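Comments concern the structure below.
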Amino acid sequence: MTTTPADAPRPTTNLPSQYVPAQVEGPLYQGWVDRGYFTADSSDKAAGRPSYTIVIPPPNVTGSLHLGHAFQHTLMDALTRRRRMQGYETLWLPGMDHAGIATQTLVERYLAETEGKSKHDYSREDFISRVWDWKHHHGGRILGQMRRLGEGVDWTRERFTMDEGLSRAVQTIFKRLYDDGLIYRAERIINWCPRCRTALSDIEVDHHDDDGELVSIRYGDGSSSIVVATTRAETMLGDTAVAVHPDDDRYRHLVGSTVVLPLTGRRIPVVADEHVDPTFGTGAVKVTPAHDPNDFGIGQRHGLPSISIMDERAVVTAPGPFQGLDRFEARPAVVAALREEGRIVAEKRPYLHAVGHCMRCDTVVEPRLSEQWFVKVGPLAKAAGDAVRDGRVTIHPASMAGRYFEWVDNMHDWCISRQLWWGHRIPVWYGPTGETVCLGPDDKAPDRAPDGTEIPGWRQDPDVLDTWFSSALWPFSTLGWPDDTADLRQFYPTDVLLTGYDIIFFWVARMMMFGLYAMDGVEPFRTVALTGLVRDQHGRKMSKSKGNVVDPLDWMDAYGSDALRFTLARGANPGTDVPIGAEWVASSRNFCTKLWNAARFALLNGATVEGELPGRDEQSVVDRWILSRLAAVTAQVDAGYEDFQFAKTTEALYHFVWDELCDWYLELAKLPLTAGGRQAEVTRRVLGEVLDVVLRLLHPVTPFVTEALWTELTGGESLVVAQWPASVVSGVARLLPPADPAAEAELADLQRLVTEARRFRADQGLRPGKRVPARIIGLDRTGLAAHEADIRFLATLDGEGDGFVPSAKLTSGAIVVELDLSGAIDVEAERKRLTKDLAAARKEREQATVKLGNADFIAKAPDAVVGKIRTRLATAEADVARLEAALSSLPATP
RNA sequence: GGGCCUGUAGCUCAGUUGGUAGAGCGCCGCGCUUACACCGCGGGUGUCGUCGGUUCGAGUCCGGCCGGGCCCACCA
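FYI, in the numbering used here the residues of the first sequence are 73 to 966.
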């Protein structure tokens, strides 16, 4: 049908008839950046405005965008875009992490491939400059991909954890902690990765069950012999004791004596220690203080020596036949030698037990005794816990707080030194006569005299800091700390820290500790919004080995960035993992197309935002209905954002656009638009209003397509800086009319009737396009008197015309529709339909009757509930009577 | 060894304070009714893991069991 009235100027639109994401998205992003929309203002001009800050969890400089980034970035973008539209001075700060081990490993491999050299062919300085070279040429691929996704970050404030400013922050806090006695150096058992050749912190070790062996070995001879069990036979070379439980009568006589350690001939004492579990194995345990954290503890308590038997590559250094063997070669060799001597009492293989692996490279971690730097976490962790306990920081969803406390309240001291070159070097110098000096960022190195001559004997600690040490400063180091900057004043503390629950310990807790410490107790963020992990369409973790890893760029190519973003937001239930598959992204693309076509329809019909919205007296019920629904959705979306309910807000918009706006309002609008005159004018204005608002609401999640449509519709500059709509009073907001329950009820009746008519038609096998003569009875007894034309249009019903012979009828509420099917009614189909409806009505009647027959129910249930059941019973009884009558009036069939 | 989460339609998930079970995708039928076939209209899909308890009433609260998943942990 033609929907352009003759009396209207012919509307035009520049929108192509087909929505092609690439054409829409390509041109927009750079314009937003160039116009400075994402650039935050911390000058006096912005001083009075509320600010809103999110710092991006800095991705590794080596990384490229994966779905997890796309997911979190979409949500952060949506949050900041909404706040920007609400008039906040918004800062979303981007940057990258230098990622010590990951980057160094990658560049080492790169240099090996391109130059055939290893790290050791370079001086430390040269190597580091090679890493910077690599960064300039190959690093930060993710930044371009973030643009592609449409992320409204402030590129003028991009930071890198190895920048000069952030390095100053690192050195400043290190010295402060050192001076406060919260950083110390000590010889401890730490987790050591023999491949990365560096110490690791506890959380950089993944434990999982591996197949191993449990070997029982007899130490000593005769009455003084004692059997110990071990999964690591090779470490016996470093044993310095055997331990038993103090109350264990079996070994009481041996405590204080010594036994001969096989293969070495050394005599080692038998000690009693509470740590030993007398019920495990033989109740006696070999003690290797240099290679096991428990044994180290026993060694400390009993003053035992620690004998290291391996080097940094985990190759045996203990003199003798095993020297030079890798630990995994040494193990069977040692067992074989013991067997040779008849020392093996029992062997259990395979023996499943937990083994620590390097997070980065999966190498089995070797507990190793060495001097390392530690953060004394006690007071820091306490403060970090209290900030959440006191409610100064909210963890969302609340169920995740347990994880946080579990960690923060049981934290071990943090090993922060790494034996790497790429990273922030520990600012401690050792002097010729044993001095130790910690330098602040402005202190001069002690190996130079003021006149520049070298002072011999000084050397700087060779280690660098754990990458997470600098990440922990991110919320304030990026804003200029330790200097008192305008950015820091305007944007700290940040508002939301949005990240995955898998990173609570690595990052969130540590930012809390350092933020509270450095910023005089002011928390680094007000809310921690935790997301789940992105998984494949069957809920499995994505991994290279499973082959189910998806490159988000592929989906952006195929379906558009908006579709990917929409899908991710739609799956974002707080703290819950998100399954995602290509079909779902395709479905989101379909939604964007739908939106596109709805806007095209509106524009082709002259939808406008010019002038005042016509008053309620001029609006039709249909107009009032859609505006009422619009207000409801706006409220829902607005509230959802406050609670990080992205899935709910996105879902609500999806249904509003598709099921209400497109399926009903646009269809119903065709009549007044065709009619022309004032009716058409009102409709065009309402249509423009609805689209305008819905595009604003969708913009944070699907910025591209909404921008293209909105600028076309309104001629406005950009949706990025347009005002956010709200149906509730919330300061800077565009207000919508209140709910209109009368209009909503009327439309609900209309929809019920139309749907019933369509169902009848479908059951009767009528082609959807076939116009059927019909008589509608009882409209004036309902609120639908004014909707006859609407009903006929939507249900494809013709007027009665001449010679109308009703051959079938259907009922919806008080309304009866008689149809002239030219006698060609499909009786069986109709019988089937009525039978089904009758069964449903009888079941309904039965259920209601039972309930109402229950005296307790009548007595104890609220009146409202009882009333509802009574109504239900009445309706069911009427339906049963009507359907029984209808069925019996059907002609019998052979 | 502790602690947490979870079991709802074929698949992936929503289900606010207990008051007739929902969505997307998939599936079935009919349609090119000029915004949209990346579409329209209609349809069905479930003993809400299981057993018991509280309640007038339980997917929703409590307990046991079974099945998944996760986190933490120095059991050799």
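We put the CB at the ideal spot given by N, CA and C, even for glycine. Only a predicted model underlies this, so the values are computations on that prediction, with no experimental measurement involved.
Just to confirm before moving on: does the CB-CB distance between residue i and residue j stay below 7 Å?
{"i": "residue 818", "j": "residue 884", "result": "no"}
{"i": "residue 313", "j": "residue 341", "result": "yes"}
{"i": "residue 596", "j": "residue 587", "result": "yes"}
{"i": "residue 143", "j": "residue 622", "result": "no"}
{"i": "residue 785", "j": "residue 763", "result": "yes"}
{"i": "residue 444", "j": "residue 262", "result": "yes"}
{"i": "residue 172", "j": "residue 435", "result": "no"}
{"i": "residue 717", "j": "residue 651", "result": "no"}
{"i": "residue 668", "j": "residue 250", "result": "no"}
{"i": "residue 368", "j": "residue 224", "result": "no"}
{"i": "residue 946", "j": "residue 906", "result": "no"}
{"i": "residue 815", "j": "residue 961", "result": "no"}
{"i": "residue 917", "j": "residue 949", "result": "yes"}
{"i": "residue 292", "j": "residue 332", "result": "yes"}
Between which two residues does the alpha helix (DSSP H) holding residue i run?
{"i": "residue 93", "result": "93–97"}
{"i": "residue 765", "result": "749–770"}
{"i": "residue 949", "result": "935–961"}
{"i": "residue 182", "result": "172–187"}
{"i": "residue 422", "result": "Premise fails: residue 422 lies in the beta strand (DSSP E), 416–430, not in any alpha helix (DSSP H)."}
{"i": "residue 411", "result": "399–412"}
{"i": "residue 356", "result": "Run containing residue 356: none in the alpha helix (DSSP H); it sits in the beta strand (DSSP E), 356–359."}
{"i": "residue 219", "result": "213–221"}
{"i": "residue 821", "result": "813–835"}
{"i": "residue 208", "result": "196–210"}
{"i": "residue 446", "result": "No alpha helix (DSSP H) contains residue 446, which is instead part of the beta strand (DSSP E) from 438–447."}
{"i": "residue 387", "result": "Here residue 387 belongs to no alpha helix (DSSP H), and DSSP marks it neither H nor E."}
Hey, could you find the ends of the beta strand (DSSP E) residue i is sitting in?
{"i": "residue 502", "result": "500–502"}
{"i": "residue 126", "result": "123–127"}
{"i": "residue 602", "result": "597–603"}
{"i": "residue 152", "result": "Run containing residue 152: none in the beta strand (DSSP E); it sits in the alpha helix (DSSP H), 139–157."}
{"i": "residue 379", "result": "Residue 379 -> no beta strand (DSSP E), and no H or E assigned at all."}
{"i": "residue 286", "result": "277–291"}
{"i": "residue 719", "result": "Counting along the chain, residue 719 falls outside any beta strand (DSSP E), though it belongs to the alpha helix (DSSP H) covering 718–727."}
Out of the options, which has the shortest C-alpha to C-alpha gap to residue i?
{"i": "residue 231", "options": "198, 222, 170 and 176", "result": "170"}
{"i": "residue 329", "options": "754, 296 and 113", "result": "296"}
{"i": "residue 494", "options": "731, 270, 578 and 129", "result": "270"}
{"i": "residue 626", "options": "139, 109, 114 and 92", "result": "139"}
{"i": "residue 566", "options": "120, 782 and 125", "result": "125"}
{"i": "residue 893", "options": "475, 871 and 920", "result": "871"}
{"i": "residue 863", "options": "714, 694 and 716", "result": "694"}
{"i": "residue 384", "options": "397, 392, 375 and 377", "result": "397"}
{"i": "residue 41", "options": "564, 898 and 876", "result": "Residue 41 lies beyond the stretch modelled for the chain, which goes from 73 to 966, so this question has no answer here."}
{"i": "residue 572", "options": "130, 252 and 350", "result": "130"}
{"i": "residue 375", "options": "165, 832, 359 and 738", "result": "359"}
{"i": "residue 888", "options": "856, 647, 279 and 433", "result": "856"}
{"i": "residue 599", "options": "930, 568, 612 and 575", "result": "568"}
{"i": "residue 148", "options": "134, 128 and 133", "result": "128"}
{"i": "residue 433", "options": "648, 274 and 174", "result": "174"}
{"i": "residue 820", "options": "900, 737 and 754", "result": "737"}
{"i": "residue 750", "options": "733, 722, 692 and 797", "result": "692"}
{"i": "residue 344", "options": "633, 371, 337 and 364", "result": "371"}
{"i": "residue 466", "options": "379, 562, 581 and 411", "result": "581"}
(request) Would you check if there are 3 or more beta carbon pairs closer than 8 Å linking the region 661–676 to the region 86–95? (result) yes
(message) Between the region 479–493 and the region 451–469, can you find at least three pairs of beta-carbon atoms closer than 8 Å?
(response) yes
(message) Quick check for students: name the residue ranges of the alpha helix (DSSP H) that lie wholly in the region 630–684, counting only runs of 4 or more.
(response) 633–642 and 654–676
(request) Taking 8 Å as the threshold, find out whether the region 315–326 comes into contact with the region 461–471 through three or more Cβ pairs. (result) In this structure the region 315–326 does not touch the region 461–471; the number of beta carbon pairs closer than 8 Å is below three.
(request) Would you mind listing the alpha helix (DSSP H) stretches within the region 465–522 that are 4+ residues and don't spill past its ends, in chain order? (result) 473–480
(request) Enumerate, from N- to C-terminal direction, the unbroken beta strand (DSSP E) stretches of 3 or more residues contained entirely within the region 857–940. (result) 880–884 and 887–891
(message) Under 8 Å, with one C-beta from each stretch per pair, do the region 827–844 and the region 808–817 reach the 3-pair mark?
(response) no
(message) Measuring CB atoms only, is the region 232–249 touching the region 175–182, in the sense that at least three cross pairs come out at less than 8 Å?
(response) no
(message) So within the region 560–589, which uninterrupted beta strand (DSSP E) runs reach at least 3 residues, ignoring any that extend past its ends?
(response) 566–572
(request) Could you tell me whether the region 533–547 touches the region 212–222, where touching means 3 or more Cβ pairs closer than 8 Å? (result) no
(request) Count the CB pairs spanning the region 542–549 and the region 405–422 that are closer than 8 Å, and state whether there are at least three. (result) The region 542–549, when compared against the region 405–422, does not touch it at the 8 Å Cβ threshold.
(message) Taking 8 Å as the cut-off, does the region 184–200 touch the region 493–511 (at least 3 CB pairs, one atom from each stretch)?
(response) In the pairwise beta carbon analysis, the region 493–511 is classified as touching the region 184–200: at least three pairs are separated by under 8 Å.
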